[in-house]
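Notes for the one structure printed next.
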Amino acid sequence: MQKNGKKFFITTPIYYVNDVPHIGHAYTTIAADVVSRYKKLEGYEVFFLTGTDEHGQKVHQAAKDLGLDAQVHVDKLNTRFKELWVRFNICNDDFIRTTEERHKVIVLDILKRLFDKGEIYKASYEGWYCTPDERFWTEKDLVNGNCPECGRKVEKITETNYFFKMGQYQDWLIEHIKNNENFIQPASRKNEVLGFLSKPLEDLCISRPKDRMPWGIPLPFDDDYVTYVWFDALINYISTLGTLDKIKASGFWPADHHLVGKDILTTHAVYWSTMLKSMGLPLAKNLFAHGWWTVNGQKMSKSLFNVVEPNHLIDQFGVDTIRYFLMREVPFGLDGDFSHKALIGRRNSDLANNLGNLLNRTTNMIQKYFEGTIPAPATSGEEDEPLLSKAQETVTRVRTLYNDLAYNKILTEIWELVDATNQYIVKTGPWNLAKSDEGKERLKTVMHHCAESLRTLAILLYPFMPESAAAMNQQLGIDTPIEEQGMESVEKWGGVKPGSKIQASSQLFPRIEDKEADKILQGTQVSGEPAKPQAAEKKQDEVSSEQVTIEDFMKIDLRTGKILEAEKVKKSKKLIKLKVDIGSETRQVLAGIAEAYEPDQLIGRTIILVANLKPAKLMGIESQGMILAGSADGKIILGGFDQELPLGVRVR
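If you read the sequence shown in the working numbering, its first letter stands for residue 1462, the second for the next number, and so on.
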């Protein structure tokens, strides 16, 4: 892969170590990791920074309550974040801690420079202080007498402190935001910040007296004070790059993306931007504020026992399932609701039924028809072009969507290529091509195209699901790691090498069956009434006592039909969508037989169709009839005949 000589810098917030990491921390970090991996595929030299914020009153109080030294306390909590990022396959290039000496040195240097420039002054102050947010508010800021950020009680404090002349930059910052369309995203968040700036911007208190709060970096010009936690923490984005002189020489500043939660956007957009202006450094190119996660419609809370613990999720579902779900479920920037039911649905529908099934059927057919060796393409057909065009369209769209951090749209585009490849298999019918010598020549091309589509999918999916993408690469017999292939390898079709040996492996994403799913869901119930027992099902061999007349029965129009196409329905573990020829017309029919039959087993099969059933919609798809089947011991068997009948013949 060719390097393009460009540099890319992305950051997460540094996480406050007042508690263990939760799903919200994982969400931001995975989002940054996806972009970092993608940019590396594009040939960028990437710097991906994350870390922990370890000073402040909450940390000091928590350590005091535990009877621990503050440094010992933060060392313990810090390790939990590092270990979780290893489990989530996070490829950060640095991990910054605000208690590290390298960080303290830069903070002290900046404070001294700004003080010497007259940007910092000392004054007495009276205001309302929110201890959880460690922030002063004026009377007009309060909402019903409480903190406007967290809604909790505030206390009135009068003391002497040091202040940064933030207010002088208000007009400049407003103009910068208005003139730089992508500086704050999404657009709705930009309006929120401008709304905040529509009121007079106060100067920022940047110190705390040591006699009230000793845990922090001492001010270089007054040892009786420590630095306010936010002024200290925000500098992490540049302290990782070295001194102020080295920052400019590194080539990484300004940052391309600061990813932050919506609750700390104002702090970044206002505090950090004015600090950079005062330092003479350019502002970050983009601040992207994502939403919050609720759990089953409720805010995450220890009191509700519904805080989602990421390590437990990994144990249950695997790393890549969680990474995929968090990036696919909601648009980045909006709030999302986490539920184990939705997670299981994504796993079974998208990963097991669609992607996993495509990989399995392709490798199995190459094994069956070509002794496990990917063939060279031979005879072309009219069905090939739509797949090839779709692949190139997907690559182009994915590249564009990364500019907006539109993760869920990127994955939607990728899954359209998964679907297109599955449909290509149905249309070409490899099982039929294998029946003749002429068909076998055509089959070489079909199998090569399927393998190439999977190679393309593995590269596109690598930023989101690195382990799974590597496993796909391995199963296709490709020795070159995805990182070395890069995005340039999918610009042209045909990168998979004929002669590569398929590597048989276990199913990439095994389905989570009903019993296992029920067990998981029951184990995650945290509040509310216990689930009501289900009514007992009617025995299979129990005959209905309700009788119908012959006239009633004759109203049912049963016809013979042949299945022309079959494909599984997204987000359904039971439904298959069929195209059925009944002689006079072709019908679209949904059948709940996906657990008993694979789609390619159904092509060409003669079935019995209820032809005069009123059309109905299932999962938004119209079904124009019903096929007959029997069930015994949970096994579904389609109705049929011991001899062939013409299409459209009435069954009596």
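Idealized CB from N, CA, C, for every residue including glycine.
Next item on the list: Would you mind stating whether GLY1712 and LYS1468 have Cβ atoms separated by less than 8 Å?
Entry: The residue given as residue 1712 occupies position 251 in the sequence shown. The residue given as residue 1468 occupies position 7 in the sequence shown. Contact flag set, yes.
Notebook entry, point to check: In three-state terms, what does DSSP make of TYR1868?
Noted result: As a working mapping, residue 1868 is identified with position 407 in the sequence shown. TYR1868 falls in the helix class under three-state DSSP.
Next item on the list: Using beta-carbon positions only, say whether GLY2109 and ARG2020 come within less than 8 Å of one another.
Entry: On the sequence shown, residue 2109 is found 648 positions in, with the first residue counted as 1. On the sequence shown, residue 2020 is found 559 positions in, with the first residue counted as 1. Yes. Within cutoff.
Notebook entry, point to check: What first and last residue would you give for the alpha helix (DSSP H) that runs through CYS1911?
Noted result: To locate residue 1911, count along the sequence shown from 1; it is residue 450. Looking at the DSSP string, the run of the alpha helix (DSSP H) that includes CYS1911 is 1898-1922.
Next item on the list: Could you pull the start and end residues of the beta strand (DSSP E) that ASP1717 belongs to?
Entry: Working through the sequence shown from its first residue, we reach residue 1717 at position 256. Per DSSP, ASP1717 belongs to no beta strand (DSSP E) and is neither H nor E.
Next item on the list: Give the straight-line distance between the Cα atoms of ASP1781 and ALA1524, rounded to the nearest whole angstrom.
Entry: Within the sequence shown, numbered from 1, the residue matching residue 1781 stands at position 320. Within the sequence shown, numbered from 1, the residue matching residue 1524 stands at position 63. If you take the alpha carbons of ASP1781 and ALA1524, they lie about 35 Å apart.
Notebook entry, point to check: For GLN2062, does the count of other Cβ atoms within 10 angstroms reach 16, so buried, or fall short, so exposed?
Noted result: Here residue 2062 refers to the residue found at position 601 of the sequence shown. Burial call: exposed.
Item checked: Delimiting residues of the alpha helix (DSSP H) encompassing TYR1785 -> Taking the first residue of the sequence shown as 1, we reach residue 1785 at position 324. It spans 1780-1789 - the alpha helix (DSSP H) in which TYR1785 sits, taken as one unbroken run.
Check: Straight-line CA distance for ILE1943 to ASN1934?
Finding: Along the sequence shown, read from residue 1 onward, the residue named residue 1943 stands at position 482. Along the sequence shown, read from residue 1 onward, the residue named residue 1934 stands at position 473. Going by the C-alpha atoms only, they are around 8 Å apart.
Notebook entry, point to check: Does the Cβ of LEU1527 lie closer than 7 Å to at least one heavy atom of the ligand ATP?
Noted result: No copy of the ligand ATP appears in this structure; indeed no ligand is present at all.
Checklist line | For PRO1836, the nearest candidate out of HIS1909, TRP1633, ASP1672 and GLY1890 (CA to CA) | finding: As a first step, residue 1836 is located in the sequence shown; it is residue number 375 there, counting from the start. Answer by Cα proximity: HIS1909.
Checklist line | When MET1674, ILE1699, PRO1675 and LYS1980 are compared against HIS1801, the one with the closest alpha-carbon | finding: Indexing the sequence shown from 1 puts residue 1801 at position 340. Checked all of MET1674, ILE1699, PRO1675 and LYS1980; the closest Cα to HIS1801 is LYS1980.
Notebook entry, point to check: What are the partner residues of ASN1622, as DSSP defines its beta bridges?
Noted result: By 1-based counting over the sequence shown, the position of residue 1622 is 161. Under the DSSP definition of a beta bridge, ASN1622 partners with ALA1584.
Check: Helix, strand or coil for ARG1972 per DSSP?
Finding: To locate residue 1972, count along the sequence shown from 1; it is residue 511. The answer is coil: DSSP assigns ARG1972 none of H, G, I, E or B.
Note to self: If I measure Cβ to Cβ from ILE1667 and keep anything under 6 Å in the same chain, skipping five residues before and after, which residues do I get?
What the structure shows: Counting from 1 along the sequence shown, the entry for residue 1667 is found at position 206. Closer than 6 Å at the Cβ level, and outside the excluded window around ILE1667, lie TYR1623, PHE1625, TYR1689 and PHE1692.
Next item on the list: Put ASP1940 into one of helix, strand or coil per three-state DSSP.
Entry: Taking the first residue of the sequence shown as 1, we reach residue 1940 at position 479. ASP1940: coil per DSSP, three-state reduction.
Check: Going by alpha carbons, who is nearest to LEU1680 out of HIS1729, ASN1772, LEU1575 and ASN1697?
Finding: Working through the sequence shown from its first residue, we reach residue 1680 at position 219. The shortest C-alpha separation from LEU1680 is found at LEU1575.
Next item on the list: Indicate whether TYR1696 and ILE1491 have their beta-carbon atoms separated by less than 8 Å.
Entry: Here residue 1696 refers to the residue found at position 235 when the sequence shown is read from its first residue. Here residue 1491 refers to the residue found at position 30 when the sequence shown is read from its first residue. Per the sequence shown, residue 1696 should be read as Ile rather than Tyr. It is not a contact, given that the beta carbons lie outside the stated cut-off.
Check: Using 8 Å as the threshold, is the segment 1944-1957 in touch with the segment 1498-1507, meaning 3 or more CB pairs across them?
Finding: Three or more pairs of CB atoms, one per stretch, sit closer than 8 Å, so the segment 1944-1957 contacts the segment 1498-1507.
Notebook entry, point to check: Where are the alpha helix (DSSP H) runs, 4 residues long or more, that stay fully inside the segment 1651-1738, in chain order?
Noted result: 1690-1695, 1697-1700 and 1705-1711
Check: Around the C-beta of GLU2106, are 16 or more other C-beta atoms found within 10 angstroms, so that it is buried, or is it exposed?
Finding: Here residue 2106 refers to the residue found at position 645 when the sequence shown is read from its first residue. Here residue 2106 is Leu; the residue named in the question, Glu, does not match the sequence. The residue is exposed, with fewer than 16 neighbouring Cβ atoms inside 10 Å.
Notebook entry, point to check: When the distance is taken between beta carbons, is ILE2024 closer than 8 Å to LEU2051?
Noted result: Here residue 2051 is taken as the residue at index 590 of the sequence shown, counted from 1. Here residue 2024 is taken as the residue at index 563 of the sequence shown, counted from 1. No, Cβ-Cβ distance for LEU2051 and ILE2024 is not below 8 Å.
Notebook entry, point to check: Tell me which same chain residues have a C-beta within less than 7 Å of the C-beta of LYS1671, skipping the five on either side of it?
Noted result: Position 210 of the sequence shown holds residue 1671. So the list reads ASP1685, TYR1686 and VAL1687, once near-sequence residues are dropped.
Checklist line | Exposed unless 16 or more other CB atoms sit within 10 angstroms - verdict on ASN1809 | finding: Residue 1809 sits at position 348 when you count from the first residue of the sequence shown. ASN1809 comes out buried.
Next item on the list: Kindly indicate the opening and closing residues of the alpha helix (DSSP H) around PHE1576.
Entry: For the purposes of this step, residue 1576 is taken as residue 115 along the sequence shown, with counting starting at 1. Residues 1562-1577.
Check: Would you call the segment 1586-1595 and the segment 1626-1642 in contact, with 3 or more CB pairs under 8 Å?
Finding: no
Item checked: Beta-carbon spacing of THR1489, THR1513 below 8 Å -> Within the sequence shown, the letter at position 28 stands for residue 1489. Within the sequence shown, the letter at position 52 stands for residue 1513. Not closer than 8 Å, so no.
Note to self: What does the alpha-carbon distance come out to for the pair ARG2113 and LEU1904?
What the structure shows: Counting from 1 along the sequence shown, the entry for residue 2113 is found at position 652. Counting from 1 along the sequence shown, the entry for residue 1904 is found at position 443. Spanning the two alpha carbons is a distance of roughly 41 Å.
Note to self: According to DSSP, simplified to helix, strand and coil, what is ALA2027?
What the structure shows: For the purposes of this step, residue 2027 is taken as residue 566 along the sequence shown, with counting starting at 1. Strand.
Checklist line | Length of the line joining the Cα atoms of GLY1677 and ARG1613 | finding: The sequence position of residue 1677 within the sequence shown is 216, counting from 1. The sequence position of residue 1613 within the sequence shown is 152, counting from 1. If you draw a straight line from the Cα of GLY1677 to the Cα of ARG1613, it comes to about 24 Å.
Notebook entry, point to check: Buried or exposed: which applies to GLY1528, given that a residue is buried once 16 or more other Cβ atoms fall within 10 Å of its Cβ?
Noted result: Reading the sequence shown from its first residue, position 67 is the one you call residue 1528. The residue is exposed, with fewer than 16 neighbouring Cβ atoms inside 10 Å.
Checklist line | Nearest to GLY1960 (by Cα), restricted to the options ASP1898, PRO1927 and GLU1832 | finding: As a first step, residue 1960 is located in the sequence shown; it is residue number 499 there, counting from the start. If we check each option's Cα against that of GLY1960, GLU1832 comes out closest.
Next item on the list: Count the CB pairs spanning the segment 1888-1908 and the segment 1530-1544 that are closer than 8 Å, and state whether there are at least three.
Entry: Segment contact: the segment 1888-1908 against the segment 1530-1544, fewer than three CB-CB distances shorter than 8 Å; contact not assigned.
Next item on the list: Have a look at TYR1923, GLY1890 and ALA1930 and flag the residue whose alpha-carbon is nearest the alpha-carbon of GLU2028.
Entry: The sequence position of residue 2028 within the sequence shown is 567, counting from 1. Measuring from the Cα of GLU2028, the nearest candidate turns out to be GLY1890.
Margin query: Less than 6 Å between C-beta atoms, sequence neighbours within five positions excluded: which residues of the same chain meet that for VAL1507?
Written below: Taking the first residue of the sequence shown as 1, we reach residue 1507 at position 46. The residues are PHE1469, SER1497, LYS1500 and LYS1501.
Checklist line | Cut-off 7 Å between Cβ atoms - residues of its own chain near GLU1928, not counting five sequence neighbours on either side | finding: The sequence position of residue 1928 within the sequence shown is 467, counting from 1. So the qualifying residues of the chain are ASN1550, VAL1780 and ASP1781.
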